[in-house]
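Protein chains in written order, with full-length UniProt numbering: chain A, 1 to 203; chain B, 1 to 203.
What follows is the structure, encoded as structure tokens:
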């Protein structure tokens, strides 16, 4: 039975309940009003946690957003396992399509991406989140290698970037329509490219 | 000698000079302070054009940004022609790397992408800009087809998205380091994938 330090986030403890309340309130405020309008006062009101506590622990609205974006890495998300590389990539991209195009869901991920343009700490948090997602997605490629769908030296994260990149490009850069038919087409292309050795490093 | 309508943008005419002054001042303000802080007053001061004229013609700061982003489609940009698909894609992506990572240049393209999150009209303008860039880049793929580097039915714009997507993904979503070695690696991958028929439509 270890003695806990003050502020340790013991699951179910009061400190952890406070953290969850504050960070989820931060995400809700972020989704509702965006990063530029986020204030500690609004998060205090929504969470029911006194703003003195919030300032002491997170310092500022920027600190809140960085910590709240970190929540994304604490979930139980696992990469899909459909039996083929193309199927796994289609499922993975399909989740992104749902998340970024559903009017009821898109506010939060869109605000997260926007926040990273406005705050270096939010950008760092987003980087950490995607590094974690890349690591959890790599199994899709190691299974493809085991099935003989991809050369042994395939760079798994490069495959994930090749799949996600054109989807996010359409969403946020070229601003084109994105739906399940687009994600399935990208998955098909990347599976063909992977099989052809396109993501085996040159050296 | 056609009679011009009032407000016609005759090259070199006074109306056109006013337009250029106002829209370039808008881009400068956008780069300096970002979309959220852009005001008609600031653009009037920087351009030396009276704000009444600006309001009459562009309506609002949002209208200014949309029109200014449209300037991007008026340039003389042509896709690179290096003699190979891989070389053309590397040159094309290399330009993007320079533009989005040079501290002296990156403010404007970054502000443009951010503006599209905050304004539907800016998003429309960005969509038009990339549609134009896609059309001008397609020649890279038609030349590759002519050289026998790509199957005849290759979807040219899909190749461009597959090249640009992972670069923008690193820049703005996963927030990873981007440099010329990254763009060369992406170009190599997409050239291999193209040769393997990854961007030939399924049906």
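Even glycine gets a Cβ: it sits at the ideal position worked out from N, Cα and C. Since the model is a prediction, treat every value here as computed from it, not as a measurement.
If you reduce the DSSP assignment to three classes, tell me which class residue i lands in.
i: residue 143 (chain A); result: helix
i: residue 4 (chain B); result: With a pLDDT of only 44 at residue 4 (chain B), under the threshold of 50, the placement of this residue in the model should not be trusted; the figure read from the coordinates follows. Coil at residue 4 (chain B), not helix or strand.
i: residue 200 (chain B); result: coil
i: residue 35 (chain B); result: coil
i: residue 74 (chain A); result: helix
i: residue 81 (chain A); result: coil
i: residue 13 (chain B); result: coil
i: residue 181 (chain B); result: helix
i: residue 189 (chain A); result: helix
i: residue 96 (chain A); result: helix
Residue i: buried (16+ other C-beta within 10 angstroms of its C-beta) or exposed?
i: residue 154 (chain A); result: buried
i: residue 196 (chain A); result: buried
i: residue 99 (chain B); result: exposed
i: residue 184 (chain B); result: buried
i: residue 45 (chain A); result: exposed
i: residue 137 (chain B); result: buried
i: residue 198 (chain A); result: buried
i: residue 177 (chain A); result: exposed
i: residue 170 (chain A); result: buried
i: residue 77 (chain A); result: exposed
i: residue 165 (chain B); result: buried
i: residue 72 (chain A); result: buried
i: residue 156 (chain B); result: buried
i: residue 202 (chain A); result: exposed
i: residue 114 (chain B); result: buried
i: residue 104 (chain B); result: exposed
i: residue 88 (chain B); result: buried
i: residue 142 (chain A); result: exposed
Can you confirm whether residue i, when its beta carbon is compared against all beta carbons of chain B, has any partner nearer than 7 Å?
i: residue 126 (chain A); result: yes
i: residue 53 (chain A); result: no
i: residue 199 (chain A); result: yes
i: residue 173 (chain A); result: yes
i: residue 192 (chain A); result: yes
i: residue 119 (chain A); result: no
i: residue 166 (chain A); result: yes
i: residue 42 (chain A); result: no
i: residue 122 (chain A); result: no
i: residue 181 (chain A); result: no
i: residue 2 (chain A); result: Reliability of the predicted coordinates at residue 2 (chain A) is poor, the pLDDT of 42 falling under 50, and no value is obtained from them.
Spell out whether any CB of chain A is found under 7 Å from the CB atom of residue i.
i: residue 25 (chain B); result: no
i: residue 163 (chain B); result: no
i: residue 99 (chain B); result: no
i: residue 35 (chain B); result: no
i: residue 196 (chain B); result: yes
i: residue 47 (chain B); result: no
i: residue 189 (chain B); result: yes
So, using beta-carbon positions, are residue i and residue j closer together than 7 Å?
i: residue 161 (chain A); j: residue 94 (chain A); result: no
i: residue 26 (chain A); j: residue 68 (chain A); result: yes
i: residue 193 (chain B); j: residue 193 (chain A); result: yes
i: residue 116 (chain A); j: residue 123 (chain A); result: yes
i: residue 79 (chain B); j: residue 140 (chain B); result: yes
i: residue 97 (chain A); j: residue 54 (chain A); result: no
i: residue 145 (chain B); j: residue 152 (chain B); result: yes
i: residue 111 (chain A); j: residue 30 (chain A); result: yes
i: residue 49 (chain B); j: residue 18 (chain B); result: yes
i: residue 85 (chain A); j: residue 158 (chain A); result: no
i: residue 82 (chain A); j: residue 91 (chain A); result: yes
i: residue 130 (chain B); j: residue 174 (chain A); result: yes
i: residue 70 (chain A); j: residue 125 (chain A); result: yes
i: residue 37 (chain A); j: residue 36 (chain B); result: no
For chain C, find out if any of its Cβ atoms is closer than 7 Å to the Cβ of residue i; answer yes or no.
i: residue 112 (chain A); result: Protein chains A and B are contained in the structure displayed, whereas chain C is not.
Which whole runs of the alpha helix (DSSP H) in the stretch 103-179 of chain B are 4 residues long or more, in chain order? 107-118, 120-137, 139-147, 156-168
Which complete alpha helix (DSSP H) runs does the UniProt DNA-binding region "H-T-H motif" (39-58) of chain B hold, if anything under 4 residues is left out? 40-47, 51-58
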